[in-house]
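Sequence lines, in order, name chains C and H.
Heads up: the first sequence runs through residues 1 to 267, numbered per the working numbering.
Heads up: the second sequence runs through residues 268 to 534, numbered per the working numbering.
Glycine included, every Cβ here is placed at the ideal spot set by N, Cα and C.
The structure under discussion appears below in the form of structure tokens.
Number of protein chains: 2
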Amino acid sequence: MASSYEGRWTRLAPRRRTKAPQKGSIEILWGDRNTPSRGPRPGLSVEAIAETAIEIADADGLDALSMQAVASRLGYTAMSLYRYVPGKEQLVDVIYDTAIGPPPPAHTPEGDWRAGVQAWVWAVQDVYAQHPWLLRVAANTPPLGPNQLAWFDTLLHHVSEVGLEQEEMLHLVIFVSGAVRDLARTSTDLSESPRRTGVPVERMGEEYAVAMKHLTDEARFPTLSKMVAADMFEPDGNAYNDIRPSLDFGLQRLLDGIDSYVSARAR
Amino acid sequence: MASSYEGRWTRLAPRRRTKAPQKGSIEILWGDRNTPSRGPRPGLSVEAIAETAIEIADADGLDALSMQAVASRLGYTAMSLYRYVPGKEQLVDVIYDTAIGPPPPAHTPEGDWRAGVQAWVWAVQDVYAQHPWLLRVAANTPPLGPNQLAWFDTLLHHVSEVGLEQEEMLHLVIFVSGAVRDLARTSTDLSESPRRTGVPVERMGEEYAVAMKHLTDEARFPTLSKMVAADMFEPDGNAYNDIRPSLDFGLQRLLDGIDSYVSARAR
DNA sequence: CGAAACTGTATATTGCATATACTAAGTTTA
DNA sequence: TAAACTTAGTATATGCAATATACAGTTTCG
Chain C
1 MASSYEGRWT RLAPRRRTKA PQKGSIEILW GDRNTPSRGP RPGLSVEAIA ETAIEIADAD
61 GLDALSMQAV ASRLGYTAMS LYRYVPGKEQ LVDVIYDTAI GPPPPAHTPE GDWRAGVQAW
121 VWAVQDVYAQ HPWLLRVAAN TPPLGPNQLA WFDTLLHHVS EVGLEQEEML HLVIFVSGAV
181 RDLARTSTDL SESPRRTGVP VERMGEEYAV AMKHLTDEAR FPTLSKMVAA DMFEPDGNAY
241 NDIRPSLDFG LQRLLDGIDS YVSARAR
Chain H
268 MASSYEGRWT RLAPRRRTKA PQKGSIEILW GDRNTPSRGP RPGLSVEAIA ETAIEIADAD
328 GLDALSMQAV ASRLGYTAMS LYRYVPGKEQ LVDVIYDTAI GPPPPAHTPE GDWRAGVQAW
388 VWAVQDVYAQ HPWLLRVAAN TPPLGPNQLA WFDTLLHHVS EVGLEQEEML HLVIFVSGAV
448 RDLARTSTDL SESPRRTGVP VERMGEEYAV AMKHLTDEAR FPTLSKMVAA DMFEPDGNAY
508 NDIRPSLDFG LQRLLDGIDS YVSARAR
């Protein structure tokens with residue numbers, strides 16, 4: 001994995017120089033832990049730190065995750081964490097892979113790749129719903145963490161039954177995982193917006209509907225204004241309120257398309 | 268629109284209370300500007316501020332965008348900006364809509380919705396490539412800014428020629444725009460990672476390939492390890508290096524699927 | 001002219017990541 | 001067994017960020 005997170009307040013202009021050649025998140029995640037025998041007994045561990053960090057991020061978002069917060073919840077000073085983790089960035093990398101956890105076992109009937117892909121998609125969707133902050137972490141590398149690789153492998157497994165070239169398999173995997181990810185992101189962005197804007201959830205839908213009615217001039221936005229007129233943006237039934245139907249629709253069409261692509265080539 | 272940005276360093280834990288009922292970004296973007304006649308001539312303007320902010324974000328990323336940076340580049344103090352914009356969050360909202368600009372005119376042959384959708388997709392992709400920081404801004408509402416609505420309307424226009432129900436049109440639009448967005452995000456995350464990790468771009472590909480070879484145990488990641496063995500993650504040809512082929516492949520299959528969906532229903 | 005409305009500034013507060021120097025607790029070895 | 005070495009955790013300080021608040025100067029209206 002290796003990623004860096006994003007937060008509402010981008011503080012800290014890249015003080016970043018070239019980065020010390022320290023142990024990175026990958027090494028930590030893959031257990032390259034050198035356990036020294038000398039000094040005092042460690043009171044903390046990467047695991048404990050990561051667990052606490054995840055609790056904080058789950059509860060209050062990535063914005064609330066600070067070295068301070070983690071340390072004090074553990075009864076230590078902020079600086080003590082640096083004995084276990086080179087910096088906040090690497091900590092976020094670590095909790096990313098930790099929080100996604102292992103993928104669910106692929107126990108769809110062998111050969112039913114379609115069901116497999118769908119199961120995978122909804123499983124990731126679930127993980128994102130559980131840890132919305134995952135969606136704000138920026139990747140520094142393609143998948144590399146152990147759990148990330150496991151998810152990657154699982155989706156590839158399903159896709160490998162389709163009958164695509166290897167390159168096409170990768171394209172499909174990248175496309176599908178990107179689509180879920182962004183739809184989940186849209187969803188959590190909106191549901192977290194009250195925390196940022198102060199507009200209560202209950203009023204958001206109504207406010208959006210009203211704004212759309214006001215703003216969608218017929219001449220300027222011809223197609224959109226027709227949809228507004230058809231009440232497509234009313235609080236109930238607004239597709240943005242629940243992206244799952246959109247994800248389902250898009251995914252079904254995509255898999256249909258894959259199907260016909262493969263069978264067309266078979267001929 | 269109405270969004271809040273995300274940055275590498277999520278500083279500033281939500282000091283946020285319930286948020287003053289101040290003029291928000293929407294009002295600013297739609298020109299609800301009350302121009303008073305009394306006091307001194309304003310030396311600044313939302314436009315000038317936004318322009319400068321975009322320059323900074325384009326050049327050095329969202330992390331480098333601070334009220335300080337914007338103000339001092341304009342020759343003012345940070346606090347002066349607050350006469351024009353209620354806060355940084357709203358400023359980011361404003362530059363979001365400003366930077367995406369208007370969509371390109373939809374001059375594809377009438378009836379060729381497929382070409383229209385594709386043109387739209389590649390046009391957004393271009394915008395994201397020009398302003399990568401757009402991808403780190405979290406939406407507070409579904410599209411509401413003038414330019415956002417224009418892009419929305421344009422894609423809906425193309426999609427409206429397909430022959431879908433209105434609800435399905437929305438699903439498709441949400442799915443497609445999400446997919447482009449995430450693929451673009453993946454791409455810029457990776458290309459910006461040197462700034463964060465210090466690993467030079469030239470070495471990233473090689474390092475990833477090497478790490479994958481080391482880590483993809485055959486028993487643990489059976490499918491993945493086959494792809495590694497087939498050199499799918501070598502620096503040249505790694506699908507993550509250039510997501511455009513993946514975007515193209517996914518989009519083509521999706522549109523194929525839409526095609527057959529519509530013609531199946533026609534019968 | 002003087003009050004009101006406004007622009008920009010100065011200053012202070014609070015939160016953050018993290019560098020550096022230090023204290024204390026273990027381990028190894030002479 | 002004691003000195004040397006390593007390590008864990010702490011204290012302190014730095015620098016940057018957003019932004020609240022009080023104020024000084026500017027312009028216009030009555």
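Rounded distance between the beta-carbons of residue j and residue i, thought under 8 Å
| i | j | result |
| --- | --- | --- |
| residue 328/H | residue 459/H | 7 Å |
| residue 525/H | residue 203/C | About 35 Å; that fails the 8 Å criterion. |
| residue 186/C | residue 445/H | 6 Å |
| residue 348/H | residue 316/H | 6 Å |
| residue 155/C | residue 173/C | 5 Å |
| residue 443/H | residue 388/H | 7 Å |
| residue 450/H | residue 514/H | 5 Å |
| residue 474/H | residue 468/H | No, residue 474/H and residue 468/H are not in contact; Cβ-Cβ is about 11 Å, not under 8 Å. |
| residue 383/H | residue 396/H | Actually they are not in contact, since the Cβ atoms of residue 383/H and residue 396/H sit about 20 Å apart, beyond 8 Å. |
| residue 420/H | residue 52/C | Incorrect: roughly 46 Å between the Cβ atoms, too far for contact. |
| residue 500/H | residue 531/H | Going by Cβ atoms, the distance from residue 500/H to residue 531/H rounds to 38 Å, so no, they are not a contact pair. |
| residue 114/C | residue 255/C | 6 Å |
| residue 225/C | residue 231/C | Actually they are not in contact, since the Cβ atoms of residue 225/C and residue 231/C sit about 12 Å apart, beyond 8 Å. |
Proximity below 9 Å, CB of residue i to CB of residue j
| i | j | result |
| --- | --- | --- |
| residue 26/C | residue 145/C | yes |
| residue 171/C | residue 502/H | no |
| residue 190/C | residue 261/C | no |
| residue 131/C | residue 243/C | no |
| residue 294/C | residue 58/C | Any property of residue 294/C remains undetermined from this structure, which presents chain C solely from 1 to 267. |
| residue 391/H | residue 447/H | yes |
| residue 340/H | residue 323/H | yes |
| residue 140/C | residue 97/C | no |
| residue 464/H | residue 425/H | no |
| residue 385/H | residue 482/H | no |
| residue 335/H | residue 345/H | yes |
| residue 238/C | residue 409/H | yes |
| residue 337/H | residue 313/H | no |
| residue 166/C | residue 436/H | no |
| residue 24/C | residue 76/C | no |
Neighbour list for residue i in chain H, Cβ cutoff strictly below 8 Å
| i | result |
| --- | --- |
| residue 247/C | 442 |
| residue 242/C | None at all; the shortest Cβ gap to chain H is about 11 Å. |
| residue 144/C | 475, 478, 479 and 482 |
Interface residues of chain C facing residue i [CB-CB closer than 9 Å]
| i | result |
| --- | --- |
| residue 418/H | The contacting residues do not exist; residue 418/H stays about 10 Å from chain C at best. |
| residue 293/H | 211 and 215 |
| residue 470/H | Chain C residues near residue 470/H: none, gap ~11 Å exceeds 9 Å. |
Where residue i meets chain H, residues with beta-carbon distance less than 7 Å
| i | result |
| --- | --- |
| residue 272/C | Residue 272/C cannot be examined here, being either before or after the span of chain C that is shown, 1 to 267. |
8 Å Cβ cut-off: residues of chain C touching residue i
| i | result |
| --- | --- |
| residue 423/H | 223, 224 and 227 |
Contact set between residue i and chain H, taken where Cβ atoms lie within less than 9 Å
| i | result |
| --- | --- |
| residue 166/C | 493, 494, 497 and 499 |
| residue 239/C | 409, 434, 437, 438, 440 and 441 |
Proximal chain C residues relative to residue i, where beta-carbon distance stays under 7 Å
| i | result |
| --- | --- |
| residue 532/H | Neighbours of residue 532/H on chain C: none; closest Cβ ~12 Å, over 7 Å. |
Entirely enclosed beta strand (DSSP E) segments - the stretch 107-181 of chain C, minimum 3 residues: 137-139
Interfacial residues, the stretch 446-458 of chain H to chain C, with Cβ spacing under 8 Å: 446, 448, 449, 450, 452, 453, 456 and 457
Residues within the stretch 108-133 of chain C neighbouring chain H, beta-carbon criterion of under 9 Å: Those residues of the stretch 108-133 of chain C that come within reach of chain H (Cβ to Cβ, closer than 9 Å) do not exist; the list is empty.
Every unbroken alpha helix (DSSP H) within the stretch 462-496 of chain H, with a cutoff of 4 residues, ordered by chain: 468-482 and 489-496
Near-chain H residues of the stretch 76-101 of chain C (beta-carbon distance less than 8 Å), N- to C-terminal order: 88 and 89
Contact list for the stretch 51-72 of chain C against chain H, Cβ threshold 8 Å: 60, 61, 62, 63, 64, 65, 66 and 69
Residues of the stretch 296-314 of chain H whose Cβ lies closer than 9 Å to any Cβ of chain C, in chain order: For the stretch 296-314 of chain H, which is checked against every Cβ of chain C, the residues closer than 9 Å are 297.
Cβ-based contacts, 9 Å cut-off: residues of the stretch 516-527 of chain H near chain C: 516, 517, 518, 519, 520, 521, 522, 523, 524, 525, 526 and 527
In chain order, each alpha helix (DSSP H) run of at least 4 residues that lies wholly inside the stretch 70-103 of chain C: 88-100
Beta strand (DSSP E) segments (min. 3 residues) lying fully within the stretch 295-323 of chain H: If we require 3 residues or more, the stretch 295-323 of chain H turns out to have no beta strand (DSSP E) run fully inside it.
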